[in-house]
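If you read the sequences in order, they're chains A and B.
Residue numbers for the first sequence follow this note's numbering, beginning at 694 and rising by one.
Residue numbers for the second sequence follow this note's numbering, beginning at 1413 and rising by one.
In what follows, a single structure is set out as structure tokens and then discussed.
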Amino acid sequence: MKTFPILLKTELKLSLRGMDMLIFALCMPVVMVLILGAVFGDRPAYDGASHTFLAQSFGAVSAIAICAGGVMGLPLVLSDYRGKKILKRFWVTPTSPAMLIAVQLTIYALYAFASLALVSLTATLLFGMRLAGSPIAFLGAYLLVMVSMFSIGALVGGLARDGKMAGALASILYFPMLVFSGATLPYEVMPPLMQRIADALPLTQGIKLLKAASLGLPAEGVALPIAVMAILALVCGGVALRFFRWE
Amino acid sequence: MEYIVEAQGLRKTYGAVQALRGVSLRVQRGEVVGVLGANGAGKSTLIECILGVRKPDAGEIRLLGMHPERERKRLFAQVGVQFQQSAVQERIRVGELCQMTAALYPQTTPAAPLLAQFGLAGKLRQQVSDLSGGERQKLFIVLALLPMPQLVFLDELTTGLDARARRDVWQCLKQQKAQGLTIVLTSHFMDEVEALCDRVLILRHGQTHFEGTVQQAVAATPHQRLEDAYLWLTDDEREDNA
């Protein structure tokens, strides 16, 4: 089928022309690595730690693009395309609007993987970081966190009454998660009370999972984060699928 | 007689509002039919029910002999639709929009000759948002024609255009009509309807108020022009006094 590749190419071009994701999903995480690397160098995460502070932050920084795409980009584009009746227009063609949504999901997944590649390259080449854990386990965790965050975004974008409401909800979800889930401000430097509040944010659990996978920490600690991610993905994804508004 | 559009006894209620109260529409191959009526008379609901994007509470619909919902994919490979106030993706260029639209269909005609015919050659790299109102509407007709449809639906095509742009759009549609295209359109402009339509369906409060040729509509009133005839036909006061 030629439909999907052509839609993907065009929508990707439009998205890149928009710049937002270039800045927030691709540049910002790399800048974070540069700052963390410059400030902490190869200092250990804590006295006697076997991994560096940068390695400890790797999972968190690699989640920035997932958060930007899933919780900000996706809901905005879905509500925008519904508000402009672009989705409705697809109903009167031989292609279904679900195709356009699949294209958008693919675009944000591409951003996330591109960001992961850039962050990995910057951290390993410039600051000599090494992935202690299994790359396969990390990729698996990354996919799970992505599916979970994207289903939150699909829920917001699919059900919000209009673009304004989607924008407001996306901001309410995005900014606290970006700042307090450990994606930018390292979780480890937060005071205990703040950590406990942060634990309530879904992305915090996702980042714990990524951290455990990247550092090769024992598997016992990750049952809760895995459960939270999986349940979120099922519930939000299911509700979004069931109650999606085409117009 | 071959009917391309066959809609029988369509009813649609939104809450307490009866948007359609048993409306029927039949369109023959090669005909241009105008659906007229005041805002809220049920024009858009009728078109959307016929297209299957809205589910009527009752009634039967066949387009090209197909059911618009059940045979959606096969049907809309041969039908072009332009909704009222169509918006497109931000920052999309004319060429990209044509390519993307063409990708949605199994078979299309090349966009370049159509764009040239509609005076849009050389606009390929321009953003759609930078086109003038007339150019945009002509582009939307081009998009509706890309799949080489047998039937097109055009909803309020020239609303908001200046006189010159409207004439341009009419000219384009007349050419398509001459080539045998079947067109269903809605409009608020009676000069446009007079220029383009073979038959009209006038809706009032969700019911068929008049159906027939433009000449019949005029002949049914003491007036000479369709605009006056339309106003006479849909005048509430005259009805109430009668």
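Glycine included, each C-beta is placed from N, C-alpha and C at the ideal position.
Looking only at its own chain, which residues have a Cβ that is under 8 angstroms from the Cβ of residue i, when we skip the five neighbours before and after it?
i: A/R823; result: A748, T817
i: A/L719; result: A758, Y804, A807, S808, L811
i: B/F1622; result: V1612, L1613, I1614, A1629, A1632, L1645
i: B/A1450; result: R1616, T1646
i: A/S827; result: A906, G909
i: B/T1625; result: D1610, R1611, V1612
i: B/G1572; result: G1545
Let me know the secondary structure DSSP gives residue i once reduced to three states.
i: B/I1504; result: coil
i: B/V1465; result: coil
i: B/D1656; result: Within the shown structure, residues of chain B are numbered from 1413 to 1654, placing residue 1656 of chain B beyond reach of any answer.
i: A/K778; result: coil
i: B/D1567; result: strand
i: B/V1445; result: strand
i: B/Y1415; result: strand
i: B/Y1642; result: helix
i: B/L1615; result: strand
i: A/F806; result: helix
i: B/T1521; result: coil
i: B/K1424; result: strand
i: A/E940; result: coil
i: A/T897; result: helix
i: A/V785; result: coil
i: B/E1623; result: strand
i: A/S772; result: helix
i: A/L712; result: The displayed chain sequence assigns Met, not Leu, to residue 712 of chain A. Three-state result, A/M712: coil.
i: B/L1476; result: coil
i: B/A1631; result: helix
So, is residue i buried or exposed, given that buried needs 16 or more other C-beta atoms within 10 angstroms?
i: B/E1472; result: exposed
i: A/F868; result: exposed
i: B/V1445; result: buried
i: B/D1672; result: Since the first and last residues shown for chain B are 1413 and 1654, residue 1672 of chain B lies out of range.
i: B/F1530; result: buried
i: A/L927; result: exposed
i: A/P787; result: buried
i: B/G1464; result: buried
i: B/P1634; result: exposed
i: A/M712; result: exposed
i: A/A742; result: exposed
i: A/F936; result: exposed
i: A/V754; result: buried
i: A/D735; result: exposed
i: A/L886; result: exposed
i: A/L642; result: No information on residue 642 of chain A is available, as it lies outside the stretch 694 to 940 that chain A covers here.
i: B/E1606; result: buried
i: A/L917; result: exposed
i: A/I924; result: exposed
i: B/L1437; result: buried
i: A/P698; result: exposed
i: A/I716; result: exposed
Identify, in the order they occur along the chain, each residue of the same chain with its Cβ nearer than 6 angstroms to the Cβ of residue i, setting aside the five sequence neighbours on each side.
i: B/C1510; result: A1523
i: B/E1460; result: R1466
i: A/V723; result: L811, T815
i: B/A1556; result: G1492, Q1494, V1564
i: A/S772; result: G850, A853, G856, A859
i: B/G1618; result: Q1430, A1431, L1432, R1433, G1454
i: A/S750; result: L729, P879
i: A/Y774; result: L780
i: B/R1505; result: R1537, Q1539
i: B/M1602; result: L1638, E1639, Y1642
i: A/Q797; result: V770
Counting only the same chain and skipping the five closest in sequence on each side, list residues whose C-beta sits under 7 angstroms from that of residue i.
i: B/R1423; result: L1432, R1433, G1434, P1468, D1469, A1470, G1471
i: A/S874; result: A891, L894, L896, T897, I900
i: A/A802; result: M839
Mind pulling the alpha helix (DSSP H) runs of 4 or more residues that sit fully within the region 819 to 868 of chain A? Correct list: 828 to 852.
Could you name the residues of the region 1551 to 1570 of chain B whose beta carbon sits closer than 9 angstroms to any beta carbon of chain A, in the order they occur along the chain? Those would be P1559, F1565, in chain order.
>> For a minimum of 4 consecutive residues, which ranges assigned as the alpha helix (DSSP H) are wholly contained in the region 1573 to 1609 of chain B?
In response: Listed in chain order, the complete alpha helix (DSSP H) runs (minimum 4 residues) inside the region 1573 to 1609 of chain B are 1575 to 1590, 1602 to 1608.
| task | Can you give me, in chain order, the residues of the region 1461 to 1475 of chain B that have a beta carbon less than 8 angstroms from any beta carbon in chain A? | result | Taking 8 angstroms as the cut-off between beta carbons, the residues of the region 1461 to 1475 of chain B near chain A are L1463, G1464, V1465, in sequence order.
Counting only runs that start and end within the region 864 to 895 of chain A, where is the alpha helix (DSSP H) found for 4 or more residues in a row? If we require 4 residues or more, the alpha helix (DSSP H) runs fully inside the region 864 to 895 of chain A come out as 885 to 891.
Against chain B: residues of the region 773 to 795 of chain A by CB proximity under 7 angstroms
So the list reads K777, K778, I779, K781, R782, W784, V785, T786, P787, T788, given in the order they occur along the chain.
Exercise. In the region 698 to 718 of chain A, which residues sit with their C-beta less than 8 angstroms from some C-beta in chain B, listed in chain order?
Worked result: If the cut-off is 8 angstroms between Cβ atoms, the region 698 to 718 of chain A has I699, L700, T703, E704, K706, L707, R710, G711 near chain B.
Item to complete: Select from the region 1585 to 1604 of chain B all residues with a C-beta closer than 9 angstroms to any C-beta belonging to chain A, and list them in chain order.
Response: Within the region 1585 to 1604 of chain B, contact with chain A at the beta-carbon level (separation under 9 angstroms) is assigned to no residue.
If you scan the region 1531 to 1567 of chain B from start to end, which runs of the beta strand (DSSP E) of 3 or more residues do you find wholly inside it? Within the region 1531 to 1567 of chain B, the complete beta strand (DSSP E) runs of at least 3 residues are 1563 to 1567.
* Pull out every residue of the region 848 to 881 of chain A whose Cβ sits closer than 9 angstroms to any Cβ of chain B, in chain order. => Under the 9 angstroms Cβ criterion, the region 848 to 881 of chain A contributes no residue.
Mind listing which residues of the region 802 to 826 of chain A have their C-beta closer than 9 angstroms to chain B's C-betas, in chain order?
Hits within the stretch: zero.
Contact residues within the region 1515 to 1541 of chain B, judged by C-beta distance below 9 angstroms to chain C: The structure shown contains no chain C; its protein chains are A and B.
- Task: Only counting runs of 3 or more residues, tell me where the beta strand (DSSP E) segments fall wholly within the region 903 to 935 of chain A, in order along the chain.
- Result: Listed in chain order, there is nothing to give.
Which residues, in chain order, does the region 1436 to 1448 of chain B contribute to contact with chain A at a C-beta distance below 7 angstroms? Residues: none.
Check: Curious, which full-length alpha helix (DSSP H) runs of at least 4 residues does the region 714 to 741 of chain A contain?
Finding: The qualifying runs are 721 to 733.
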